[in-house]
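Visitor: Have a look at this one before I ask anything.
Residue numbers (my numbering): 9 to 397.
Following this line, the structure appears as structure tokens:
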């Protein structure tokens, strides 16, 4: 069965009510048929649901769908994308361990790596994705994980997944972990390149409507089992309602991503021709410095376009406030086109130098291109650029 068909057909076991659509399991716990069954479930001698902090039919269904799409052995569902990233760090690392992270990570991930994990003796070295030699120099005997995003948020910088998969062969005990939120499992499957873990902010494209929060980590079964102890006893779990909604949303992800990508590419091409734009970044734009890499490891270019408007921060603010249809919000992956100014919002905690190192400037604008008729998107952005001079 092809992936799309399997995605739609995978669902929790049908109950005695013979429902067509999977029901919502709003229950905190599950009953035992006998005291012996309860004992065996808690002893992991039987598989089954005990408590929704451990598992729930709705979260189990969602995890299975993402595993099938990513080619993963197992997974866990978290309350948010950042809970998933944090859970993968704290659930697998110990005091004294070391992370090598590519510099262009999300602002909250940067805060975890630089300000929170050091409290528990976990250190991080940042490297530049454009300089592979930095990775070899950053490796230490205590290095336990390599973490990255590709494409990055919001600079759309790419990391060569095949190269990293080959690099890992020299360090078989290192955990290769990639945040795949921007590409989604429809456009890119890092496990096929040799990665151990893949995380997603399900809040973004997996939901697709800006409705719920969620995070997913899938990958090697032994690593997921180790993380399970952390999630069960600390509780950053996804709710059954969010899992139910996200599981249904996944069934249309490929259709939505095709439209996101088509609209985004047309916007990028328009912006590249516009006199009020300095730089445009979109992975499937021939002018992108990693265009050939993008075509090798991604099916399409994704739904995010980043550009720098002429005139710096003041001009960027005028542009944002001049938009008519498109709204400002820090989310992305919505059916509606939305914009944000990374330097003053999602990456405002970074220093100016840190922002510029990952391609964020005072005039940078991130556009999450939605599913509207593309002519309306192009018109609103073009008019705002012209009127905000």
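Where a beta carbon is used, it is the ideal one built from N, C-alpha and C, also for glycine.
Nothing here was measured: the structure is a model prediction, and the numbers come from that model.
#1: Mark residue 178 as exposed unless 16 or more other C-beta atoms lie within 10 angstroms of its C-beta, in which case mark it buried.
#2: Assuming contact is defined by CB atoms lying nearer than 9 angstroms, are residue 2 and residue 317 in contact in what I supplied?
#3: Could you give the residue range of the alpha helix (DSSP H) that holds residue 90?
#4: Cα-Cα, which of 112, 99, 169 and 145 is closest to residue 304?
#5: Report the option in 371, 383 and 380 whose CA atom is closest to the CA atom of residue 396.
#6: Measuring straight from C-alpha to C-alpha, what distance separates residue 343 and residue 122?
#7: For the beta strand (DSSP E) holding residue 155, just list the boundary residues, first then last.
#8: Taking just the CA atoms, how far does residue 44 sit from residue 116?
#9: Just the Cα atoms here: how many angstroms apart are residue 176 and residue 37?
#10: Tell me which residues share the same chain as residue 173 and place their Cβ nearer than 8 angstroms to its Cβ, disregarding the 5 neighbours each side in the sequence.
#11: Check this for me: beta carbons of residue 368 and residue 331, under 9 angstroms apart or not?
#12: Give the range of the beta strand (DSSP E) segment to which residue 353 is assigned.
#13: Report, in whole angstroms, the separation of the C-beta atoms of residue 229 and residue 351, which I expect to be a contact under 8 angstroms.
#14: Could you tell me which residues DSSP puts in a beta bridge with residue 207?
#15: What do you reckon, are the CB atoms on residue 143 and residue 214 nearer than 9 angstroms?
#16: Are the CB atoms of residue 129 and residue 103 within a distance shorter than 9 angstroms?
#17: In angstroms, rounded to a whole number, what distance separates the CA positions of residue 219 and residue 298?
#18: What does residue 175 pair with, by DSSP beta-bridge criteria?
#19: Look at the alpha carbon of residue 366 and the alpha carbon of residue 118, and state the distance between them as a whole number of angstroms.
#20: Taking all protein chains shown into account, decide if residue 385 is buried (16 or more other Cβ within 10 angstroms of its Cβ) or exposed.
#21: Do residue 246 and residue 311 have their beta-carbon atoms positioned less than 9 angstroms apart in this structure?
#22: With DSSP run on the structure shown, which of helix, strand or coil describes residue 315?
#23: What residues are listed by DSSP as bridge partners for residue 83?
#24: Am I right that residue 226 and residue 95 are in contact with their C-beta atoms under 8 angstroms? What's the rounded C-beta distance?
Guide: Reading from the atomic positions:
#1: exposed
#2: Past the boundaries of the shown model lies residue 2; the chain is included only from 9 to 397, so the question cannot be answered.
#3: 89-98
#4: 169
#5: 371
#6: 33 angstroms
#7: 151-157
#8: 45 angstroms
#9: 41 angstroms
#10: 184, 201, 202 and 203
#11: no
#12: No beta strand (DSSP E) contains residue 353, which DSSP labels as neither H nor E.
#13: With a Cβ gap of about 41 angstroms, residue 229 and residue 351 do not count as contacting.
#14: 187 and 225
#15: no
#16: yes
#17: 33 angstroms
#18: Looking at the DSSP assignment, residue 175 forms no beta bridge with any residue, so it has no partner.
#19: 12 angstroms
#20: buried
#21: no
#22: strand
#23: 226
#24: Incorrect: roughly 12 angstroms between the Cβ atoms, too far for contact.
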